[in-house]
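Heads up, the thing below is written out as structure tokens.
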Amino acid sequence: MVREGYVEKVIYKNEDNGYAVFAVEGEDGEDIFVGNLHGVAEGIYVSAEGDYVEHPTYDLQFKFTSCEIKMPDDVLSIEKYLGSGIIKGVGEALAKRIVKKFRMDSLRIIEEEPERLAEIRGISERKARDIAVSYNEKKEMQDALMFLTGLNIPVNLAVKIYNEYGDEVYDIVRTNPYKIAEDITGVGFRTADEIADRLGIGRDSDFRVRAAIMYALSGANGLGHMYIPQKMLVDKTYSLLMNEYMPYDPELEMSICNQILELSVAGKIIIKELKDDPDSGELPDVSLDDPVADIDMDLLDTESESNVTNAVYAAPNYYMELNSARLLCELNIDFSKAKLKIDKVVETVEKSENMKLADAQRLAIRNAVDHGVAVITGGPGTGKTTIINVLIKIYESFRMKIVLAAPTGRAAKRITEATGYGAQTIHRMLELTGGVEGEETSAYTFMRNESNPLEADVIIIDEMSMVDSSIFYSLLKAVAPGTRLVLVGDSDQLPSVGPGNVLKDIIASGVFSVSVLDRIYRQGEDSDIIGNAHRIKDGEHVEIKNKSRDFFFVPRNGYNEIVAELKVLLTKQLPSYFGVDKSDIQVLTPMRKYDMGVENLNKQLQDVLNPEGHGKPEHDRGDVVFRQGDKVMQVKNNYKQEWKILDPSGRFAKEEGVGVFNGDIGFVKAVDDYEQRIVVEFDDGRQTEYPYNQLEELEHAFAITIHKSQGSEYPVVVIPLLRCPPKLLNRNLLYTAVTRARRSVVIVGNIGLVNTMIDNEDEQKRYTSFALRLREMERR
């Protein structure tokens, strides 16, 4: 159905995503139009296609799927268009004078001979130029959006593309649409390839080959790798460019190799030879296939060649490892000559806390005091938090300034509660900001850096296994030489969600003081969580007799039985037995896909944990429904996302900032169809707004992957286990899941899979060379 007419009134518009509500006067009277239309203004003429829908609050509306702004073609239309406010500096009165003077030629005069506007009383030469600039900006954007949407590009993506390139959009899209995939977040190789195909760009184009190479590297980065072997990169790129049904093309493979060299010469990638020996760094024999990852798994699905020696890095990754190694080694100062007397402080702490430190704990404390860089690692209950507490008391006794931080808000809150010393996230410690006004910067920056280092004598980072290469590099840049850096974490847990394997690489390098805690000191009465966690880590089968108070197994066979049991456990049995809220129970699963994956489980659990209800607003995004009260997770780092923490009245912001991060969990506080947004409040009190076109950054969190649970603790953890890919049935995945629970672990499903996971030592190893770089720096 087509409806057209003049825009009489703009009721609402969102400048970011183009969503608008406006009244249109047509031949059949006035209609309320609803949809996405950038550049809407009162007085313009629009032609739209769509259907009438009944809104529960705003009555009948015309919801359009496409809408085109038409240039006026009569004197009255030109006058209404110019007087609509769409052009800065031109109101109704001035529009009348322009049209009275130039009649049907008015728009041509503004576009081609703007100086003639000065012939009209009240328009100076400068104002004439400003009018022309404003008119052309609006026209250029409208023309560009029509061009892009004509290529079947969705309007929201078209706006992103235009905002990135401006009037260069035509040349870039026509000559190298693959540049879009490089420059714009959320656009992958396949999207750019479809655009290129519509434009008739050859499938053997160098642009296409280079884009596929960079996309393959980006895919590896998304799986946690800092580099991949060159032969593997060639294979992955080839599979992107050719489907499995096409005959082998040796010329294409040669072209890929040539373009890898071209990209190397251009400095976009770095190729380094890594020798397969202990002193130079060992090439792990790994697969790039990881169903836990949130990227297109068709890209990376074969095993590597164990004898590959050429490592290919995206240039930023190579220099990140190299510079991180330099900065960390520079911090490794020997403070032992200072002979700080800590024994009396330790004795005082032991008396006040009514405890006795073991020799291994005392040694870990001494190492942290005597070395510029110290690592303390161990499983749950081995005394890591106790050591942090003692170190804080020691450093305070010497009047040293201490900064305590962790990778996530949950982890920072937990260590604050455990020590009584204020901790913050690493991002907030480094003072994340959205950029520096007036300067060309990246989408975000940290105010703490080489020029403005952290003011601290000692920096303690907890949950180091979660810290990826990027945030660690940013941290190191902000640490001044002479500052002690104490890194605390469990190296047996899963590696960070982001690329790199920082904690394990630092330990493997052999360069720094490492204290390994392997004795259990914290073991609650009748508690089996910590004991079983260590049995799992050591490869011992867990005997579950259900006589425990905090470690249970519920045998169930098949998908339907497990899901039914989960619903009963989460809504009735566990909240009642442990006296916890349903929201405090976290379902952890090894995978994203399949029956027991988060995508399916979240739909099932939403029905019982936050069912549809009268007066409870919701919004459909594809086959996912976001509803007020839903538990949700941020699934990508967004350094520009603004947030605020409200005061108790809920009316004023007591704190504001930017940045929400992969793994942050919160609840949907509001769903606003009128303003096309969802409001989420995270665990630490931050509130932020998501326009509907940004909801790909959120997913439900009634169930989450074990990988995404790192650094968090939950009162009760439920682990459903059914069939899943063998690669996910490994020991450290189960170990990580069990160690997330504070009061209880409940495993539902097949007990055989528990023992299968314990027996499987294979981990999702990563291609990194940080340990090698650290050894190289030490030898200098």
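Under UniProt numbering, the first residue of the sequence shown is numbered 1, with each subsequent residue one higher. Using N, Cα and C, we set each Cβ at its ideal position, and we do this for glycine too. Since we're looking at a predicted model, the values are computed, not measured.
One question on the structure: do residue i and residue j come within less than 8 Å of each other, judged by their Cβ atoms?
| i | j | result |
| --- | --- | --- |
| D683 | G510 | no |
| L566 | V748 | yes |
| L151 | I195 | yes |
| residue 820 | I459 | What the structure shows of the chain is the stretch from 1 to 780, and residue 820 is not part of that stretch, so it cannot be assessed. |
| V542 | I706 | no |
| F667 | D607 | no |
| Y227 | Y313 | yes |
| A48 | E8 | no |
| V745 | D550 | yes |
| M464 | L487 | yes |
| V587 | L601 | yes |
| L82 | S106 | yes |
| Y178 | R198 | no |
| I665 | V598 | no |
| P407 | M355 | no |
| N317 | P229 | no |
| I213 | T191 | no |
| L722 | V754 | no |
| V10 | A41 | yes |
| Q634 | L569 | no |
Among the residues of its own chain, which have a CB less than 6 Å from the CB of residue i, if the five just before and after it don't count?
| i | result |
| --- | --- |
| K669 | V679 and E681 |
| T385 | A418 |
| A621 | In the sequence as displayed, the identity of residue 621 is Arg instead of Ala. Cβ within range, chain order: L695. |
| A364 | I376, I387 and S515 |
| Y12 | V21 |
| F661 | N637 |
| R773 | E321, L322 and A325 |
| E655 | I645 |
| S709 | L588 and R740 |
| P617 | Q628 and V671 |
Among residues of its own chain, excluding the 5 on either side of residue i, which ones have a beta-carbon nearer than 7 Å to its beta-carbon?
| i | result |
| --- | --- |
| E763 | N730 and N732 |
| F553 | I544, N546, I747 and I751 |
| D183 | E164 |
Given a threshold of 16 other Cβ atoms within 10 Å of its Cβ, counted over all protein chains shown, does residue i qualify as buried or as exposed?
| i | result |
| --- | --- |
| E321 | buried |
| Y45 | buried |
| D171 | exposed |
| A771 | buried |
| V265 | exposed |
| G539 | exposed |
| D31 | buried |
| T65 | exposed |
| N560 | exposed |
| S470 | buried |
| G650 | exposed |
| M596 | buried |
Give every residue of the same chain whose Cβ lies closer than 8 Å to the Cβ of residue i, excluding the five residues on either side of it in the sequence, and list them in chain order.
| i | result |
| --- | --- |
| V159 | N17, G18, H38 and L145 |
| G613 | none |
| Q687 | W643, K644, I645, L646, K669, V679, V680 and E681 |
By DSSP's criteria, residue i is part of a beta bridge. Which residues make up the other side?
| i | result |
| --- | --- |
| G657 | W643 |
| Q61 | V53 |
| R3 | A48 |
| E68 | S47 |
| T445 | T433 |
| E681 | F667 and Q687 |
| K275 | Note: K275 sits in no beta bridge, so no partner. |
| Y12 | V21 |
| H707 | Note: H707 sits in no beta bridge, so no partner. |
| L391 | Bridge partners of L391: none, in fact. |
| residue 783 | Here the chain has residues from 1 to 780 only, and residue 783 is not among them. |
| V486 | A374 and I460 |
| F33 | F22 and F62 |
| H700 | V632 |
Hey, would you say the C-beta of residue i is under 7 Å away from at least one heavy atom of the ligand HEM?
| i | result |
| --- | --- |
| E417 | With respect to small molecules bound, the structure shown includes none, and the ligand HEM cannot be examined in it. |
- Task: Identify every run of the beta strand (DSSP E) within the region 132-162, keeping only runs that are complete inside it and at least 3 residues long; order them along the chain.
- Result: none
- Every unbroken beta strand (DSSP E) inside the region 596-646 [3 residues or more]: 618-621, 624-627, 631-634 and 638-646
- Message: Restricting to runs no shorter than 3 residues, where is the beta strand (DSSP E) found entirely within the region 515-571?
- Response: 551-555
- In chain order, which continuous runs of the alpha helix (DSSP H) of length 4 or greater are located wholly inside the region 296-378? 315-331, 343-353 and 359-370
- At what residue ranges does the region 398-428 contain a whole run of the alpha helix (DSSP H), taking only runs of 4 or more? 409-419
- Message: Extract the residue ranges of the beta strand (DSSP E) inside the region 187-256, only unbroken runs of 3 or more that lie entirely within it.
- Response: none
- Query: Which runs of the alpha helix (DSSP H) fall wholly inside the region 710-759 and span at least 4 residues, in chain order?
  - Reply: 731-738 and 751-759
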